[in-house]
Amino acid sequence: MFVFVKEAYRNIVQTGSIIESSPYLARKMMQFIDFEKPLQLVELGAGKGSITGHLLDKMNFQSKLSGFEMNPVLFEELKKESDPRFVPIQDDVMNIARYFKEGSVDYIISGLPLANMGGLKKGRLLNDCYQLLKPGGCYIQFQYCKTDLALIKRNFENVHCEFTLLNLPPAFIYYAEK
């Protein structure tokens, strides 16, 4: 936990929070994922892996999870996850389309601080995520306030929002289906 806090202190704009996501938030984000079938999952802003571990615990053995983290210190922590179904990627999420074919991803789980990103960058990222998702695939994003709900609704057909108090700070979770 102290590694994350230290990195947040260095660059809060990049981490988006001073504390890692709670297990309750992770479970709330995963509640609509069908883990029974083989899946291609992508996690954006994986940090030290606080959500990553929960995803791996639920995934079947044929599923794959790729986790993006560009902070080098957090990435070193993320690489400690030795599950063969997990591929850590140290790169900017704006390069996501280099790693996956269009229509090849089932779920994109994002802890990115969208509120700290510029509008054009956000729009391009959401468009890329939409293109990479399979029909019926889902982009799952949490935020501490609803600043980007309207933007997400413009990019995805079916969006609903839930809320959890069991995170510091409490968070909104968007489920955006292609």
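Numbered per my numbering, the sequence shown finishes at 281, counting up by one with no gaps.
Note that beta-carbon positions come from the ideal geometry of N, C-alpha and C, so glycine has one too.
Computed from a prediction, not measured in an experiment: that's the story for all the values here.
| Check | Outcome |
| --- | --- |
| Expected contact under 8 Å - CB spacing of E260 and K281 to nearest Å | 7 Å |
| Backbone CA spacing between R257 and C248 [nearest angstrom] | 18 Å |
| Cβ distance (whole Å) where E265 is taken to contact I276 below 8 Å | 5 Å |
| Element boundaries [alpha helix (DSSP H), containing Y233] | 222-235 |
| Secondary structure of A274, DSSP reduced to three states | strand |
| Inside the segment 172-228 only - beta strand (DSSP E) runs reaching at least 3 residues | 189-192, 208-213 |
| Sub-8 Å separation of I154 and S124 beta-carbons | yes |
| Collapsed DSSP secondary structure at K256 in the structure displayed | helix |
| Run of the alpha helix (DSSP H) containing T155, from where it starts to where it stops | 155-161 |
| Burial state of T118, where buried means 16 or more other Cβ atoms lie within 10 Å | Confidence at T118 is low in this model, with a pLDDT of 39, below 50, so the placement of that residue should be treated as unreliable; the coordinate-derived value is given next. Label assigned to T118: buried. |
| Which residues DSSP lists as bridging Y242, in chain order | I211, A279 |
| For L269, the first and last residue of its enclosing alpha helix (DSSP H) | L269 -> no alpha helix (DSSP H), and no H or E assigned at all. |
| Assigned secondary structure, K131 (DSSP; H/G/I helix, E/B strand, else coil) | helix |
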